[in-house]
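Down below is the structure, laid out as structure tokens.
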Amino acid sequence: MKKPLCSVVLSTRDKAKCLDRTLASIRDQEIPFDYELIVVDDGSTDHTPKICQRYSVYYYHLKNPTYRNPSVARNVGYRAARGKIVIAQSDDIVHITPNTIEYLVKSLRPREFLLAQVKNFKYVDGKPQQFILDYCSPQRQMPYFFLGSLWRSDLYAVGGNDEEFINPCFDDNWFSDCLIKGLGLTPRYTDAVTGYHQSHDHLKTSHRNEGISRELYRAKVEKAKKTGIYISSGGAWVYV
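Under UniProt numbering, the first residue of the sequence shown carries the number 1, and numbering increases by one thereafter.
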């Protein structure tokens, strides 16, 4: 089977409405190369499975009774990916620019990862109504994958997301440290493509216990400063 050039990978849990808008924004693009769309459902109890049936996705459902850091689910998707380039994104980011995927793939250069401009909006009746803040942009340089692309070989070299982050937050900080300080990659920020983050009630509960993750992140950074090794706890993956 011919491998796609690009794998779009996202994890999700109990955000069916947000996911529907996100997947629709991907489906509506004219993409001039083969790609695959991978959705890893980390134990949703809403109608997420039915939403995924509407789209051409590779769907993976994990048995997980409670909310946890999405690192485990993301890694399932990353390991399943076959494209040379991975577009990694949150499940609540809508692609506003009509050639988002094409741009993130064709503009990616060696020794870097590419991050799209992402703006946070409050959605009312399915439409963005109120701008809240910039999550990521050339002016606000936050090296996190709200929506961005990287080479799968680099993703595998750092071992994906670190699954020791069980509680919310700071897994993305460590992941970017591994890419930048571990592999020596350069983050590049672009406003040529834009994603809208859908503000939702899930944010109020998903960030509980983030203090535990903060302390874990600090411990990993301190250890890495001494050893010079920035890599996920599971080690590098075999790239094929």
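Think of the CB as a built atom: it goes at the ideal place given N, C-alpha and C, for glycine as much as any other residue.
All values derive from a computational prediction rather than experimental measurement.
CB residue i to CB residue j, shorter than 8 Å?
i	j	result
H61	F121	no
E164	S233	yes
A236	Y230	no
V193	T100	yes
D134	K15	no
P168	S213	yes
C52	V72	no
Whose C-beta lies closer than 8 Å to the C-beta of residue i among residues of the same chain, with five residues either side of it excluded?
i	result
P154	With the sequence shown as reference, residue 154 is identified as Asp, and Pro is not the correct amino acid for it. F113, L179, L183, L185, listed in sequence order.
T190	Y103, S107, L114, L115, A116, Q117, P138
E36	P4, C6, S7, V8, Y58, A81, R82, G83
I87	C6, S7, V8, V9, I101, L104, V105, L147, G148, S149
Just confirm the distance between the C-beta atoms of residue i and residue j, as a whole number of angstroms; I'd bet it's less than 8 Å.
i	j	result
V94	T22	6 Å
D177	N69	Going by Cβ atoms, the distance from D177 to N69 rounds to 16 Å, so no, they are not a contact pair.
L19	T12	5 Å
R27	Y67	Actually they do not touch by this definition, with Cβ atoms about 27 Å apart.
K63	G43	6 Å
R111	Y239	Rounded, the Cβ-Cβ distance is 16 Å, inconsistent with contact.
If I measure Cβ to Cβ from residue i and keep anything under 6 Å in the same chain, skipping five residues before and after, which residues do I get?
i	result
R74	S11, N161
T97	V193, T194
Determine contact between the stretch 207-220 and the stretch 131-148, defined as no fewer than three beta-carbon pairs at a distance below 8 Å.
At 8 Å Cβ cutoff, the stretches do not touch.
3 or more residues per run - each beta strand (DSSP E) lying fully within the stretch 43-108:
Qualifying beta strand (DSSP E) stretches, in chain order: 58-61, 85-89, 93-95.
Which residue spans inside the stretch 137-193 form an unbroken beta strand (DSSP E) run of at least 3?
As summarised for the stretch 137-193, the continuous beta strand (DSSP E) elements at least 3 residues long and confined to that stretch are 147-151, given in chain order.
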